[in-house]
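Colleague: Chains C and Z supply the protein sequences, listed in that same order. Terminal number for the first sequence in the working numbering: 248, no gaps in between. Terminal number for the second sequence in the working numbering: 1288, no gaps in between. Note that the Cβ used here is the ideal one computed from N, Cα and C, for glycine as well.
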Amino acid sequence: MLEASGLMVFYENMLALNNVALRCGEDEIVGVFGANSAGKSTLMYALSGIMLDVEKKERMAGGERITLAGEVRYRGRDIMNLKASKRARLGIVLCPERRRLFKESTVLENLKIGAYLATAAQAKETLAYVFKIFPALEKLKTRLSGFLSGGEQQMLAIGRALMAQPKILLLDEPLLGLSPLMQAMLMRAVREIRDERRIAIIVTEQYARPVMPIVDYAFILENGSAVLEGVRDDLMDNPDVKAAYFGV
Amino acid sequence: MDILVYGTINSVALALYALGFALVYGVSRLPNFAHGALYVLSGFITWSALNTLGLPYPLAILLALLATAVIGAVIYQFVLIRVRGMEISEIIASYAIALAILEGIRYVGFRGMTYTLPVFLEGRTTIGGVMVDYHRLLVVAIGAALFAGLWAFTRFTRVGLALRGMAQDERAAMMLGIDSDLMAVVAMALGSALAALAAILLLPLGNIVVESGYNVLILAIAVCIVGGIGSWFGAVIAAFIIGFAQILTVVYLGTHFQMMVALLAIILTLILKPSGLFGQQKELEERV
Chain C
1 MLEASGLMVF
11 YENMLALNNV
21 ALRCGEDEIV
31 GVFGANSAGK
41 STLMYALSGI
51 MLDVEKKERM
61 AGGERITLAG
71 EVRYRGRDIM
81 NLKASKRARL
91 GIVLCPERRR
101 LFKESTVLEN
111 LKIGAYLATA
121 AQAKETLAYV
131 FKIFPALEKL
141 KTRLSGFLSG
151 GEQQMLAIGR
161 ALMAQPKILL
171 LDEPLLGLSP
181 LMQAMLMRAV
191 REIRDERRIA
201 IIVTEQYARP
211 VMPIVDYAFI
221 LENGSAVLEG
231 VRDDLMDNPD
241 VKAAYFGV
Chain Z
1001 MDILVYGTIN
1011 SVALALYALG
1021 FALVYGVSRL
1031 PNFAHGALYV
1041 LSGFITWSAL
1051 NTLGLPYPLA
1061 ILLALLATAV
1071 IGAVIYQFVL
1081 IRVRGMEISE
1091 IIASYAIALA
1101 ILEGIRYVGF
1111 RGMTYTLPVF
1121 LEGRTTIGGV
1131 MVDYHRLLVV
1141 AIGAALFAGL
1151 WAFTRFTRVG
1161 LALRGMAQDE
1171 RAAMMLGIDS
1181 DLMAVVAMAL
1191 GSALAALAAI
1201 LLLPLGNIVV
1211 ESGYNVLILA
1221 IAVCIVGGIG
1231 SWFGAVIAAF
1241 IIGFAQILTV
1251 VYLGTHFQMM
1261 VALLAIILTL
1271 ILKPSGLFGQ
1281 QKELEERV
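(1) Quickly, what does DSSP pair C:Ile199 with across the bridge? List them, please.
(2) Start and end of the alpha helix (DSSP H) containing Z:Tyr1107?
(3) Looking at the C-beta of Z:Gln1168, does it have a partner C-beta in chain C at a distance below 9 Å?
(4) Z:Leu1065 and Z:Ser1042: beta carbons closer than 9 Å?
(5) At 9 Å on the CB atoms, spell out the chain Z contacts of C:Ala200, in chain order.
(6) Enumerated in chain order, which unbroken segments of the beta strand (DSSP E) with a length of 3 residues or greater are wholly contained in the stretch 17 to 54 of chain C?
(7) So is Z:His1035 buried or exposed if we call it buried at 16+ other beta carbons inside 10 Å?
(8) Closer than 9 Å between beta carbons: that is the criterion. Which residues of the stretch 1075 to 1102 of chain Z meet it against chain C?
(9) Can you pull the chain C residues whose beta carbon is under 9 Å from the beta carbon of Z:Arg1171, in chain order?
(10) Applying the criterion that 16 or more other CB atoms from any shown protein chain within 10 Å of the CB defines a buried residue, is C:Val130 buried or exposed?
(11) Which runs of the alpha helix (DSSP H) fall wholly inside the stretch 1125 to 1162 of chain Z and span at least 4 residues, in chain order?
(12) Quick one: what does DSSP say C:Met8 is sitting in, helix, strand or coil?
(13) Does Z:Asp1179 come within less than 9 Å of chain C when only Cβ atoms are used?
(14) Using a Cβ cut-off of 9 Å (strictly closer), state whether Z:Arg1158 contacts chain D.
(15) Quick one, which of Z:Ile1142, Z:Ala1141, Z:Arg1124 has its alpha-carbon nearest Z:Tyr1134's?
(16) Apart from the five residues on each side of it in sequence, which residues of its chain come closer than 7 Å, Cβ to Cβ, to C:Leu17?
(17) Going by beta carbon distance, what residues of the same chain come within less than 6 Å of C:Leu2, once the five residues before and after it are set aside?
(18) Write down the C-beta distance between Z:Gly1020 and Z:Leu1194 rounded to the nearest angstrom, noting that I regard them as a contact closer than 8 Å.
(19) Can you tell me the Cα-Cα spacing of Z:Glu1283 and Z:Leu1030, whole angstroms?
(20) Give me whichever residues DSSP pairs with C:Met14 in a beta bridge.
(21) For the alpha helix (DSSP H) holding Z:Val1024, just list the boundary residues, first then last.
(22) To the nearest whole angstrom, what separates the beta carbons of C:Gly114 and Z:Leu1176, a pair I think is in contact under 8 Å?
(23) Check distances from the C-beta atoms of the stretch 183 to 213 of chain C to those of chain Z and list, in chain order, the residues that come in under 8 Å.
(24) Mark Z:Gly1112 as exposed unless 16 or more other C-beta atoms lie within 10 angstroms of its C-beta, in which case mark it buried.
(25) Chain C beta carbons: is any one of them nearer than 9 Å to that of Z:Leu1137?
(26) In whole angstroms, what separates the C-alpha of C:Gly49 from that of Z:Arg1082?
(27) Could you work out which residue in Z:Gly1206, Z:Leu1080, Z:Ser1212 is closest to Z:Pro1118 when comparing CA atoms only?
(28) Looking at chain C, which residues of the stretch 1106 to 1139 of chain Z have a Cβ within less than 9 Å of any of its Cβ atoms?
(29) Does the CB of C:Leu47 have a neighbour CB from chain Z at under 9 Å?
(30) Going by alpha carbons, who is nearest to C:Leu52 out of C:Leu22, C:Gly70, C:Asn36, C:Ala84?
(31) Which residue marks the beginning of the beta strand (DSSP E) containing C:Val72, and which one marks its end?
(32) List the residues of chain C whose Cβ lies closer than 9 Å to the Cβ of Z:Arg1164, in chain order.
(33) I want to verify the contact list: residues of chain C whose CB lies under 7 Å from the CB of Z:Met1174, in sequence order.
(34) Are any of the Cβ atoms in chain C nearer than 9 Å to that of Z:Arg1029?
(35) Roughly how many angstroms separate the alpha carbons of C:Ile66 and C:Ser5, rounded to a whole number?
(36) Hey, out of C:Ser179, C:Glu125, C:Pro180, whose CA is closest to C:Gly159's CA?
Printed below as a string of structure tokens:
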């Protein structure tokens, strides 16, 4: 469904992504694991098209020179030069690292802003669905989103992304800084979203243990290159992976 | 009582000046220094539509609103978009446009104190012993309706919500499918239309003179800085603070100190609380 090949991103002369190939099929959950600065967020920015905006802003301000190369295909169509809002319209929606909620808006408003691409009927239906999988949000509807706890903020970020009617959801480090209990709850919710709404999901994380149980296929990034990939069980049996990402 | 009535009227006028400027800055972080020029320009468009084309007043107003909105959008789409994100260039470019518009108007021959727009309603009444003409009351009423309308627009409509999302985090908005370039054009058109609306409401109270373009710009900037740049609610509160301060100085010090109040307010705000009353200018704090 979403397929990247030969993806390269340079910041000046620093290679942030080196010849990365990645694919995610329909209804699949794909995990991307890697340490800090392995290139996970750069990859998500490249897939969602935000990188084009970063590149443009840097160029206009005379800042870092960013170079993008390679190919991103969505359902066979080359989308490498499509800007982020257009990709979102196709159904590629990024739920970014550190959530980036609209902090001066209430929970409900965040969800409403998220529904920009949805029809009125879709928005209503998705809102009910978001409150069903995250009942905590319904009680906090009128609270400013900046005042939520980390877990609640993450639920809202995922909910807001769902409002945009994604066909493939990119979750960038959704578990960052959350308690193990909250992590498990979120991962259950992510699987439920895939099963019930038939949305493909790519999820990145530093630490594989809480995410591994729900993924179908996984990639491991190191210094900007995809060094390992495989179906979940193969990777879990790999001693290198165990040592690096499971803390065994 | 004088102070209360005229303070309120003056404050609403200031808020009207500032609203368009605050909207454009809030959404696309663009300090639109052509705001005052658009204000004067729409005044002359209305005047020309009335006197040269001979259109009826409501039609002339509608034409001026639409024309100014389109001019604002065109200025953004063809000039300002090229310097987007470079603050100094944005100020220089938009100020250059302001000069071109204002001096262009002067060049065409609109000089002196002879240009006036008719008031909407003739006549006057007294409130608590103070004489007020109907038009000033109408300005307050329409101003209040406009604030309420804008509040509802940014909370209950798709485009309004998208504008608010973009004002808070442009990139997060893009991830949700909001086209930031399109929204910036919409904001600029809306901001220009607000400048035009302010002109149409307030110019009948005096003459249309080119110089007022510069004053309106300074007042709009003063209100936005005091209120916290980017905060619409802050702008309205600041308009009332500066508006009443101006009327108080007029009553107790003299008319010629009026403009000083706005400039003094800018200086005081920058010394005491650089982010303004309700500002969310965190980058500034981080940089310091």
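Modeller: On the basis of the coordinates in this document:
(1) Per DSSP, none; premise fails for C:Ile199.
(2) 1087 to 1108
(3) yes
(4) yes
(5) Under the 9 Å cutoff, chain Z gives no residues; its nearest Cβ is about 17 Å from C:Ala200.
(6) 29 to 33
(7) buried
(8) Arg1082, Val1083, Arg1084, Gly1085, Met1086
(9) Ile50, Asp53, Val54, Ala84, Pro96, Arg100
(10) buried
(11) 1134 to 1156
(12) strand
(13) yes
(14) Here the protein chains are C and Z, and chain D is not one of them.
(15) Z:Arg1124
(16) Leu7, Met8, Val9, Gly39, Thr42, Leu43, Ala46, Gly224
(17) Cys24, Tyr74, Ile168
(18) 3 Å
(19) A caution first: Z:Glu1283 carries a pLDDT of 46, below 50, which makes its placement in the model unreliable, though a value can still be read off. Cα to Cα, the separation comes out at about 16 Å.
(20) C:Tyr11
(21) 1002 to 1028
(22) 5 Å
(23) none
(24) exposed
(25) no
(26) 21 Å
(27) Z:Gly1206
(28) none
(29) no
(30) C:Ala84
(31) 66 to 74
(32) Phe102, Glu104, Ser105, Glu109, Ile113
(33) Ile50, Asp53, Ala84, Ser85
(34) no
(35) 18 Å
(36) C:Glu125
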